[in-house]
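Residue numbers (the numbering used here), protein chains in the order written: chain C, 624 to 780; chain E, 12 to 178.
For each residue, glycine too, the CB sits at the ideal point set by N, CA and C.
I have placed the structure first, in the form of structure tokens, so that the comments after it can refer back to it.
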Amino acid sequence: MSKPTFVYVTYIAASPVRVWEALTRPEMSEKYWFGYRVTADGKAGERMTAVNPAGRLAHDDPIIESDPPRKLVYGWKPLYKDMPDERPSRVTFLLEPFKGQTRLTVTHDEFEDGSRIFGMISKGWPAVLSSLKSFLEMGRGLEPSWGEEERKRAGEA
Amino acid sequence: MIDVTKFKPKTVYITYIDATPEAVFQALTTPGFTKQYFGGFAIEVEPRTGGAFRFLAPDGSVHIAGTVTDWSPPRRFSCTWTMVSMPQYALPDCLVTYDIAPAGGCVRLTMTEAHQWAIPDAILSGGRAGWPAILSSLKSVLETGKPLSVQMEQPTEMLEALQALKR
Chain C
624 MSKPTFVYVT YIAASPVRVW EALTRPEMSE KYWFGYRVTA DGKAGERMTA
674 VNPAGRLAHD DPIIESDPPR KLVYGWKPLY KDMPDERPSR VTFLLEPFKG
724 QTRLTVTHDE FEDGSRIFGM ISKGWPAVLS SLKSFLEMGR GLEPSWGEEE
774 RKRAGEA
Chain E
12 MIDVTKFKPK TVYITYIDAT PEAVFQALTT PGFTKQYFGG FAIEVEPRTG
62 GAFRFLAPDG SVHIAGTVTD WSPPRRFSCT WTMVSMPQYA LPDCLVTYDI
112 APAGGCVRLT MTEAHQWAIP DAILSGGRAG WPAILSSLKS VLETGKPLSV
162 QMEQPTEMLE ALQALKR
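Set out below in structure tokens:
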């Protein structure tokens, strides 16, 4: 059986540079990523970190590839207390100019068999990326509810 | 009656939109909206389960036709699709379903494209490339009033697969 891969494509009326900034800077991410402060503007070998709205470190993962504003790859191992054994997976953002806009393709792969994370990210990315698009196009993110579990984690100090 | 259980989901796309369920339903079912985000195509639909449905190309020709299998505003709109503009391939109908659900301060729109035969991935590639563009543009129309410029290139892989199917 092949390992699961999640792919999501969205088109955004903003330049790749703007999309890149939104993906890598905490003062922008917190406005659409449900309050998470995501820092990912370092070089390959440096760290991607995410801090939840309660101030708790939720991610501290390696940046695997960084080619602004075209391609960003980082590891993904949430630091959830109840998932100490999840192996790291991998997220790839591909930003392509498309008629004055950006085609953003997010691929999340390299999951272990039986990963609990896969089900979570399959629900999470459409919400996060829809909110990113809203933030860049109309100046504010969304507040979708996509699960009580995620709501709880966001508030976990 | 159309037996919708024969159709198995092959492509699913989810997007969250800052709009009411009623506004999303209207955007999916009225020609003034679909022309803006669906490649210039105007939808015509009889607003009832069992009603007729079609998409007209900008030149007025019928591109897609079908039957409404579920008309449940503002939660669900589902219909069969016959690709009228590609009669040479004699493709079996597919089933396209939009589910609209409140999700916190916005709505979750789920599009499901389902098929009743072992359709190859190469043929599915056309829809898989098209839906993100169409539904991204729909979201922009509802949130900002402005569609995206997402007229797609020819779906080469799909057309080649269809050609191979004919031989």
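Interface flag, residue i vs chain E, CB-CB below 8 angstroms
i              : result
residue 735(C) : no
residue 627(C) : no
residue 753(C) : yes
residue 775(C) : no
residue 765(C) : yes
residue 761(C) : yes
residue 723(C) : yes
residue 666(C) : no
residue 749(C) : yes
residue 738(C) : no
residue 712(C) : no
For residue j and residue i, the rounded distance between their alpha carbons
i              : j              : result
residue 57(E)  : residue 63(E)  : 5 angstroms
residue 761(C) : residue 753(C) : 12 angstroms
residue 703(C) : residue 709(C) : 9 angstroms
residue 680(C) : residue 659(C) : 10 angstroms
residue 751(C) : residue 675(C) : 14 angstroms
residue 140(E) : residue 631(C) : 11 angstroms
residue 89(E)  : residue 145(E) : 17 angstroms
residue 768(C) : residue 713(C) : 25 angstroms
residue 772(C) : residue 66(E)  : 41 angstroms
residue 111(E) : residue 32(E)  : 6 angstroms
residue 172(E) : residue 137(E) : 10 angstroms
residue 129(E) : residue 104(E) : 12 angstroms
residue 49(E)  : residue 72(E)  : 15 angstroms
residue 214(E) : residue 780(C) : It is not possible to answer for residue 214(E), since the shown part of chain E is limited to 12 through 178.
residue 707(C) : residue 653(C) : 25 angstroms
residue 168(E) : residue 76(E)  : 23 angstroms
residue 757(C) : residue 28(E)  : 8 angstroms
residue 133(E) : residue 739(C) : 30 angstroms
residue 15(E)  : residue 92(E)  : 12 angstroms
residue 635(C) : residue 717(C) : 13 angstroms
residue 20(E)  : residue 135(E) : 11 angstroms
residue 733(C) : residue 700(C) : 11 angstroms
residue 11(E)  : residue 30(E)  : Because residue 11(E) is not part of the residues shown, which for chain E are 12 to 178, the question remains open.
residue 153(E) : residue 40(E)  : 13 angstroms
residue 765(C) : residue 677(C) : 19 angstroms
residue 651(C) : residue 628(C) : 27 angstroms
residue 715(C) : residue 664(C) : 14 angstroms
residue 696(C) : residue 662(C) : 13 angstroms
residue 686(C) : residue 742(C) : 23 angstroms
residue 47(E)  : residue 667(C) : 41 angstroms
residue 745(C) : residue 731(C) : 9 angstroms
Contact test: residue i Cβ vs the ligand GDP heavy atom, cutoff 7 angstroms
i             : result
residue 85(E) : In the structure on display, the ligand GDP does not appear, and there are no ligands present to speak of.
Which listed residue (the options) has its alpha carbon closest to that of residue i
i              : options                        : result
residue 127(E) : 106(E), 141(E), 172(E)         : 106(E)
residue 776(C) : 657(C), 649(C), 665(C), 742(C) : 657(C)
residue 42(E)  : 68(E), 28(E), 175(E)           : 68(E)
residue 18(E)  : 108(E), 53(E), 73(E)           : 108(E)
residue 13(E)  : 30(E), 55(E), 174(E), 80(E)    : 80(E)
residue 669(C) : 678(C), 684(C), 692(C)         : 684(C)
residue 633(C) : 155(E), 174(E), 150(E), 176(E) : 150(E)
residue 721(C) : 693(C), 649(C), 664(C), 646(C) : 693(C)
residue 182(E) : 74(E), 100(E), 148(E)          : Because chain E spans 12 through 178 in this model, residue 182(E) falls outside it and cannot be assessed.
residue 639(C) : 731(C), 711(C), 690(C)         : 690(C)
residue 78(E)  : 54(E), 174(E), 115(E)          : 54(E)
residue 774(C) : 94(E), 114(E), 82(E)           : 114(E)
residue 82(E)  : 148(E), 59(E), 44(E)           : 59(E)
residue 176(E) : 100(E), 70(E), 61(E)           : 100(E)
Minimum Cβ-Cβ distance from residue i to chain C less than 8 angstroms
i              : result
residue 154(E) : yes
residue 48(E)  : no
residue 150(E) : yes
residue 95(E)  : no
residue 176(E) : no
residue 159(E) : yes
Taking only beta carbons into account, state which residues of the stretch 97 to 127 of chain E come closer than 7 angstroms to chain C, listed in chain order. 114, 115, 116, 117, 119
Quick one, which residues of the stretch 683 to 708 of chain C are near chain E if we go by CB-CB under 9 angstroms, in chain order? none
Sufficient close CB pairs (3 or more, under 8 angstroms) joining the stretch 108 to 128 of chain E to the stretch 18 to 27 of chain E: Yes: the two stretches touch, three or more of their Cβ pairs being nearer than 8 angstroms.
Listed from N- to C-terminal order along the chain, which residues in the stretch 630 to 653 of chain C have their beta-carbon within a distance smaller than 7 angstroms of any beta-carbon of chain E? 632, 633, 634, 636
Could you tell me whether the stretch 154 to 166 of chain E touches the stretch 722 to 732 of chain C, where touching means 3 or more Cβ pairs closer than 8 angstroms? Output reads yes: the stretch 722 to 732 of chain C touches the stretch 154 to 166 of chain E.
Closer than 9 angstroms between beta carbons: that is the criterion. Which residues of the stretch 128 to 146 of chain E meet it against chain C? Listed by position along the chain: 139, 140, 142, 143, 144, 146.
Any contact between the stretch 32 to 39 of chain E and the stretch 74 to 89 of chain E? By contact I mean 3 or more CB pairs, one from each, below 8 angstroms. yes
Proximal residues, the stretch 25 to 52 of chain E versus chain C, C-beta separation under 9 angstroms: 25, 26, 27, 28, 29
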